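Peer 1: Dropping the structure in here first, questions after.
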Amino acid sequence: MPTLTFSPVPAWLFQFSRFAPPPVWRTLLRSAGRRLQPRRSAPLAPRIRRRQEALLARGAAGPQHRAAIIRDPGRGVTPTIVLGGFVPDSSETVFLLRDLFLHQGDLYCVDYPRHGFNLELLCAQLDDLVEELALRGGQRPVVMGVSFGAGLVLEWLRRHRLAGDPPVLRGVVIVSPVACVEDLLPDAAAKPTTLLGRAIKPYLVERTAVDPLVVEKSRAIFIKMFEAGAKNRASLRGIMTAGELAGLRAAVLGTIRGVDFAGACERVQTLRLLPPPTSYFQLDVLPLCEAPALILYAEKEDSVIAVGSPTRRAFAAAHRAYFSSSECRVVANPGGAQVQHASLIFHSANFRPVLAGFFRQVRSLRLPLAA
């Protein structure tokens, strides 16, 4: 699979860039960063893995279910853990925002396995990683979930809340959350109204097996969704070089084509198992987390998230019940193309100031030492 050749820019260039015209200048900084510093991203070799190894030892999951966690060393003390959507990989999703995260600390991108998916093992990997960070100088991460990844983060937090064992976090970011199948298909019997709904509905039909041709059709839909964002080459020249766009496109399409039949089916079946947030609106479950939280929706979510989405309804009405210190915002692009669902690639310039403001907020908080 093609890899992205991207390196963090030096800290002094990042600071200087705050006073320069944003999009074109950041493209220039990335080009300079590639020349000045070698790429340092590498798969994480975790020191703590007791939870995940216990699951594997008792046969609750297989090696094919283990996610790859890609670590990119940063310059600050607040690491960020990113969980992306169905596709592309997390490392591709935050391609144009890496410098922002690396300015805070190390970046950990959770890239889901191609040949399967297991929610229990993913939660165990997150638990092991958060514990390892706590032992590494008491680092508290910001955990960020995008689309399907946001649903996984919510479920991970819900399980910890029910167990009375909240993870030690510095913050939570939720982007365009798809937290249950009802967010895409509010009426299972009706015709899907969104592209993503069309992609997943065939996996939910009650029958003995999913037709393998369904995977090819869903690949075509995901490719169509990516290409729709990449079609305006003129505007993209302001946010990435031609080489970056070619490399990113190759990596994203490689990810989409690399997910096999088992991987696709198990990802969708995991979404099917996630409870709607409205179903756990109760005192013994909420709030999910006491750390600061930022919930972001795009101004044009209706191509993916269905009208009547229970997650969007819950957060619009009572996000502070779910996260006691939270803000829920809509990311827009005044005067330009509307911001689409989870469009952290093609609308990174619109997400950047909101995310930067959130990180400034969490950095300013004085927290007690981690246990």
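Convert by adding 1 to the 1-based position in the sequence shown; the result is the number in this note's numbering.
Where a beta carbon is used, it is the ideal one built from N, C-alpha and C, also for glycine.
Fair warning: this is a prediction, and the values are worked out from it, not measured in the lab.
#1: Less than 8 Å between the CB atoms is what I'm expecting for LEU197 and VAL305, so what's the real figure, rounded?
#2: So, at 8 Å on beta carbons, what are the nonlocal neighbours of THR195 in its own chain, with the 5 sequence-adjacent residues on each side left out?
#3: Tell me whether SER365 sits in a helix, a strand or coil according to DSSP, three-state version.
#4: How would you call GLU183, buried or exposed, if buried means at least 16 neighbouring beta carbons within 10 angstroms?
#5: Could you round the C-beta distance between ALA68 and TYR113 to whole angstroms and report it? I think they count as a contact, below 8 Å.
#6: Look up VAL111 in the DSSP assignment and give the residues it is bridged to.
#7: I need the DSSP call for LYS225, collapsed to helix, strand or coil.
#8: Take the Cβ of GLN16 as the centre, count every other Cβ of all protein chains shown within 10 Å, and call the residue buried at 16 or more, exposed below.
#9: Is it buried or exposed for LYS192, if we count other Cβ within 10 angstroms and need 16 for buried?
#10: Whose C-beta lies closer than 7 Å to the C-beta of PHE324 among residues of the same chain, with five residues either side of it excluded?
#11: If we count the other Cβ atoms within 10 Å of its Cβ and call it buried at 16 or more, is ALA151 buried or exposed?
#12: ILE346 by DSSP, collapsed to three states: which one?
#13: Let me know the alpha helix (DSSP H) ranges lying completely inside the region 227 to 313, each 4 residues or longer, listed in chain order.
#14: How close, in whole Å, do the beta carbons of ARG52 and ALA125 come, if the pair is a contact with beta carbons under 8 Å?
#15: What is the C-beta distance between LEU345 and LEU98, in whole angstroms, given that I count them as a contact (C-beta under 8 Å)?
#16: On a Cα-Cα basis, can you pick out the residue from VAL331, ARG367, LEU366, ARG364 that is closest to ASN351?
#17: Mind checking whether PRO89 and THR256 have CB atoms under 9 Å apart?
#18: Using a Cβ-Cβ cutoff of less than 7 Å, which residues in the same chain neighbour MET226 once the five nearest sequence positions on both sides are dropped?
#19: Is it true that the CB of ARG76 sits closer than 9 Å to the CB of LEU101?
#20: Could you give the first and the last residue of the continuous beta strand (DSSP E) run that contains GLU328?
#21: Any idea which residues DSSP pairs ALA175 with across the strands?
#22: Going along the chain, which residues of its own chain have a beta-carbon closer than 6 Å to the beta-carbon of ILE82, five neighbours each way excluded?
#23: Buried or exposed: LEU163, going by 16 or more other Cβ atoms within 10 Å of its Cβ?
#24: Classify GLN283 as buried or exposed, calling it buried when 16 or more other Cβ atoms lie within 10 Å of its own Cβ.
#25: Under a three-way DSSP split, which group does PRO335 fall into?
#26: Does the Cβ-Cβ distance between ARG171 and ALA292 come in under 9 Å?
#27: Examine the Cβ distances between the region 210 to 226 and the region 332 to 340 and report whether three or more of them are shorter than 8 Å.
#28: May I ask you to list the residues that DSSP assigns as paired with GLN341?
Peer 2: In short, the structure shows the following:
#1: With a Cβ gap of about 5 Å, LEU197 and VAL305 count as contacting.
#2: Counting only Cβ-Cβ distances below 8 Å, and skipping sequence neighbours, we find LEU185, ASP303, SER304, VAL305, ILE306, ALA307.
#3: SER365 sits in a helix when the DSSP states are folded into three classes.
#4: By the neighbour-count criterion, in which a residue is buried when 16 or more other Cβ atoms sit within 10 angstroms of its Cβ, GLU183 is buried.
#5: Correct: roughly 5 Å between the Cβ atoms.
#6: DSSP lists ILE70, LEU84 as partners of VAL111.
#7: Per DSSP, reduced to three states, the secondary structure at LYS225 is helical.
#8: Low confidence applies here, because GLN16 scores a pLDDT of 40, under 50, leaving its location unreliable; read the following figure in that light. Exposed is the call here.
#9: By the Cβ-count criterion, LYS192 is exposed, with fewer than 16 other Cβ atoms from all chains shown falling within 10 Å of its own Cβ.
#10: These residues qualify, in order along the chain: VAL173, PRO288, LEU289, CYS290, ALA294.
#11: Taking a 10 Å sphere around the C-beta of ALA151, we find 16 or more other C-beta atoms and assign the residue as buried.
#12: Look at ILE346 here: in three-state DSSP terms it is coil, with no helix or strand label.
#13: Runs of the alpha helix (DSSP H) inside the region 227 to 313: 234 to 237, 243 to 259, 262 to 274.
#14: With a Cβ gap of about 4 Å, ARG52 and ALA125 count as contacting.
#15: Going by Cβ atoms, the distance from LEU345 to LEU98 rounds to 6 Å, so yes, they are a contact pair.
#16: When VAL331, ARG367, LEU366, ARG364 are compared, the shortest CA-CA separation from ASN351 is found for VAL331.
#17: It is a contact, given that the beta carbons lie within the stated cut-off.
#18: Hits under 7 Å: LEU196.
#19: No, Cβ-Cβ distance for LEU101 and ARG76 is not below 9 Å.
#20: Where GLU328 is concerned, the enclosing beta strand (DSSP E) stretches over 327 to 332.
#21: The question names Ala, but residue 175 is Ile in the sequence shown. Its beta-bridge partners are GLY146, ILE296.
#22: Here the set comprises TYR109, PRO142, VAL144.
#23: Burial state of LEU163 is exposed, judged by a 10 Å Cβ sphere holding fewer than 16 other Cβ atoms.
#24: The residue in question, GLN283, is exposed, as its Cβ has fewer than 16 Cβ neighbours within 10 Å.
#25: PRO335: coil per DSSP, three-state reduction.
#26: It is a contact, given that the beta carbons lie within the stated cut-off.
#27: They do not touch, by the three-pair rule.
#28: Looking at the DSSP output, GLN341 sits in a beta bridge with LYS301.
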